[in-house]
Amino acid sequence: CCMTAGGRTGSLFVQLHELQTVTANSLCSSLQVESLDIRYVSGTWVVDCHSLCSRPSVRVETQPAFNLEHYRDSRSGPLQYIFWRRMLQSICPAPAPLTFDPESAHPNLVFSRDLTAVTERNRAQPVPSSPRRFRQCVNVLGSQTFDSGQHYWEVWVGSKTKWDLGVAAEAVDRAAKVKLCPENGYWTLRLRNRTEYWATATPWVRLTPQRPPRKVGVFLDCEEGTVTFFNAGDMSHLFTFHQVSAERYCPFFSTCFSDGGANMEPMRLCHLAL
16 CCMTAGGRTG SLFVQLHELQ TVTANSLCSS LQVESLDIRY VSGTWVVDCH SLCSRPSVRV
76 ETQPAFNLEH YRDSRSGPLQ YIFWRRMLQS ICPAPAPLTF DPESAHPNLV FSRDLTAVTE
136 RNRAQPVPSS PRRFRQCVNV LGSQTFDSGQ HYWEVWVGSK TKWDLGVAAE AVDRAAKVKL
196 CPENGYWTLR LRNRTEYWAT ATPWVRLTPQ RPPRKVGVFL DCEEGTVTFF NAGDMSHLFT
256 FHQVSAERYC PFFSTCFSDG GANMEPMRLC HLAL
């Protein structure tokens with residue numbers, strides 16, 4: 016499918032690519048600084064630039080923005096972290112640091128201590144009874160809910176053979192087994208049989224991504240009423256749901272059953288902020 020993600024989504028795309036570019040450049044700068052052989056001789060800095068002389072394509076600015084002496088005196092951590100912090104502050108919306116909500120989870124699901132990874136164990140765990148809990152399918156919601164604004168998060172799916180993820184209305188029926196579709200309050204992507212990607216629109220739409228996504232980005236715009244999915248590895252657009260409407264939205268996840276171990280890899284929430 017080739018639906019337009021919209022102006023705001025395009026802006027997010029550009030911002031995230033700028034973050035990737037600045038991060039890569041800052042890593043190169045940090046490595047270059049570390050590789051310089053700096054010696055202090057009679058109050059004068061002497062720099063061994065032998066390795067740089069073999070790179071005629073590198074242009075040295077007459078007034079470099081990077082002050083090596085200031086860096087030496089004030090350095091308190093890796094340079095790339097500083098750039099990450101500055102770039103993340105400028106991204107709107109900033110990637111949401113989500114966690115899973117165990118009280119909503121199917122009894123077969125087991126979580127990491129920090130509630131950012133979930134695995135299906137093929138047997139029910141001893142968990143408290145709750146009307147918020149999914150009973151028929153191995154689903155779980157995010158702890159955070161949204162009713163306004165723009166929100167973006169990323170989910171690591173790795174080499175899982177099947178999964179579902181996206182956005183659900185907070186008021187979905189959690190006791191019954193229902194079809195994932197907008198009419199039932201779900202706007203999701205799914206993988207089946209390792210290679211079959213679907214958007215659960217009405218009717219469902221078969222997707223053919225150029226590269227199998229190992230990490231999926233989800234962008235919820237409450238004002239525009241859209242949910243957009245990206246392959247977070249290269250920020251290529253996968254699908255956009257339009258006319259999305261609910262009183263309150265929840266991040267939605269399903270590990271699907273483990274299939275005797277073939278689908279045991281955890282699903283993880285990616286935290287980009289440092």
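Quick note, this note's numbering runs 15 ahead of the 1-based positions in the sequence shown.
Yeah, the Cβ is synthetic: ideal placement off N, Cα and C, and Gly gets one too.
Since the model is a prediction, treat every value here as computed from it, not as a measurement.
Touching by the beta-carbon criterion (3+ pairs, under 8 Å), the segment 185-193 and the segment 135-152: yes
Is DSSP giving Asn-154 helix, strand or coil here? Translated into the one-based positions of the sequence shown, residue 154 becomes position 139. Residue state, collapsed to three classes: strand.
Please give me, in chain order, every unbroken run of the beta strand (DSSP E) with length at least 3 that falls completely inside the segment 194-255. 201-207, 211-214, 220-222, 230-236 and 241-246
Across which residues does DSSP place His-166 in a beta bridge pair? As a first step, residue 166 is located in the sequence shown; it is residue number 151 there, counting from the start. Leu-235.
Paired residues, beta bridge with Leu-284 - DSSP: As a working mapping, residue 284 is identified with position 269 in the sequence shown. Paired residues: Val-170.
Can you name, in chain order, every residue of its own chain whose Cβ lies under 7 Å from the Cβ of His-166, other than the five neighbours on each side? For the purposes of this step, residue 166 is taken as residue 151 along the sequence shown, with counting starting at 1. The answer, listed in chain order, is Pro-108, Ala-111 and Leu-235.
Simplified DSSP assignment, three categories, for Gly-275: Against the sequence shown, residue 275 aligns to sequence position 260. Helix, per DSSP.
Go ahead and pull the three-state DSSP assignment for Arg-90. Within the sequence shown, numbered from 1, the residue matching residue 90 stands at position 75. The pLDDT assigned to Arg-90 is 44, lower than 50, so where the model puts this residue is not dependable, and the model offers no usable value.
DSSP-derived helix/strand/coil call for Leu-46: Taking the sequence shown and counting its residues from 1, one reaches residue 46 at position 31. In this predicted model, Leu-46 has a pLDDT of only 48, less than 50, meaning its place in the structure is not dependable; the value taken from the coordinates is given anyway. Looking at Leu-46 - three-state DSSP - the assignment turns out to be helix.
Could you spell out the range, first to last residue, of the beta strand (DSSP E) harbouring Leu-180? As a working mapping, residue 180 is identified with position 165 in the sequence shown. First-last of the beta strand (DSSP E) with Leu-180: 178-184.
Let me know the secondary structure DSSP gives Pro-117 once reduced to three states. Here residue 117 refers to the residue found at position 102 when the sequence shown is read from its first residue. If DSSP states are grouped into helix, strand and coil, Pro-117 belongs with the helices.
Assuming Arg-221 and Trp-213 are in contact, meaning their beta carbons sit under 8 Å apart, how far apart are those beta carbons, in whole angstroms? The residue labelled residue 221 in the question sits at position 206 within the sequence shown. The residue labelled residue 213 in the question sits at position 198 within the sequence shown. About 6 Å; that satisfies the 8 Å criterion.
Grab me the residues of Ala-139's own chain with a C-beta within less than 8 Å of its C-beta, minus the 5 sequence neighbours each way, in chain order. In the sequence shown, the residue the question calls residue 139 occupies position 124. Same-chain partners within the cutoff: Pro-122 and Asn-123.
With a threshold of 16 other CB atoms inside 10 Å of the CB of Ser-273, please say whether the residue is buried or exposed. As a first step, residue 273 is located in the sequence shown; it is residue number 258 there, counting from the start. Counting Cβ neighbours within 10 Å, Ser-273 comes out buried, since at least 16 surround it.
Along the chain, where does the beta strand (DSSP E) containing Thr-160 start, and where does it finish? On the sequence shown, position 145 is the one that residue 160 refers to. It is not in any beta strand (DSSP E) - Thr-160 carries neither H nor E in the DSSP assignment.
For His-252, which of Ala-183, Pro-228, Val-133 and Pro-281 has the nearest alpha-carbon? As a working mapping, residue 252 is identified with position 237 in the sequence shown. Comparing Cα-Cα distances from His-252 to each of Ala-183, Pro-228, Val-133 and Pro-281, the minimum goes to Pro-228.
What residue from Glu-238, Gly-200, Lys-177 and Arg-128 has the CA that sits closest to Thr-210's CA? Counting from one through the sequence shown, the residue named residue 210 turns up at place 195. Checked all of Glu-238, Gly-200, Lys-177 and Arg-128; the closest Cα to Thr-210 is Lys-177.
Rounded to whole angstroms, how far is the Cβ of Ser-144 from the Cβ of Phe-115, which I believe are closer than 8 Å? Along the sequence shown, read from residue 1 onward, the residue named residue 144 stands at position 129. Along the sequence shown, read from residue 1 onward, the residue named residue 115 stands at position 100. Not confirmed; about 19 Å, so no contact.
Helix, strand or coil for Glu-76 per DSSP? Locating residue 76 in the sequence shown gives position 61, counting from the first residue. Residue placement at Glu-76 is flagged as unreliable, the pLDDT there being 49, under the threshold of 50; the coordinate-derived value follows with that caveat. In the structure shown, Glu-76 falls within a coil segment according to DSSP collapsed to helix, strand and coil.
Taking all protein chains shown into account, decide if Arg-148 is buried (16 or more other Cβ within 10 angstroms of its Cβ) or exposed. Residue 148 sits at position 133 when you count from the first residue of the sequence shown. So Arg-148 counts as buried.
Alpha carbon to alpha carbon, what distance is there between Gly-276 and Arg-136? Working through the sequence shown from its first residue, we reach residue 136 at position 121. Working through the sequence shown from its first residue, we reach residue 276 at position 261. If you take the alpha carbons of Arg-136 and Gly-276, they lie about 9 Å apart.
Coarse secondary structure for Phe-126, derived from DSSP in three states: Against the sequence shown, residue 126 aligns to sequence position 111. DSSP places Phe-126 in strand when its eight states are reduced to three.
Could you tell me the alpha carbon to alpha carbon distance between Ser-174 and Asn-208, rounded to whole angstroms? Counting from one through the sequence shown, the residue named residue 174 turns up at place 159. Counting from one through the sequence shown, the residue named residue 208 turns up at place 193. Going by the C-alpha atoms only, they are around 11 Å apart.
Whose C-beta lies closer than 7 Å to the C-beta of Thr-215 among residues of the same chain, with five residues either side of it excluded? Taking the sequence shown and counting its residues from 1, one reaches residue 215 at position 200. Closer than 7 Å at Cβ, skipping near neighbours: Leu-195, Cys-196, Tyr-201, Thr-203 and Arg-205.
Where does Trp-219 land, buried or exposed, given buried means 16+ other C-beta within 10 angstroms? For the purposes of this step, residue 219 is taken as the residue at position 204 of the sequence shown. Flag for Trp-219 reads exposed.
If contacts are defined as beta-carbon pairs under 8 Å, then Phe-268 and Val-142 qualify, I think. What distance do you get, rounded to the angstrom? As a first step, residue 268 must be located in the sequence shown, where it is residue number 253. As a first step, residue 142 must be located in the sequence shown, where it is residue number 127. Actually they are not in contact, since the Cβ atoms of Phe-268 and Val-142 sit about 17 Å apart, beyond 8 Å.
Where does Ala-191 sit, in a helix, a strand or coil, going by DSSP? As a first step, residue 191 must be located in the sequence shown, where it is residue number 176. In the structure shown, Ala-191 falls within a coil segment according to DSSP collapsed to helix, strand and coil.
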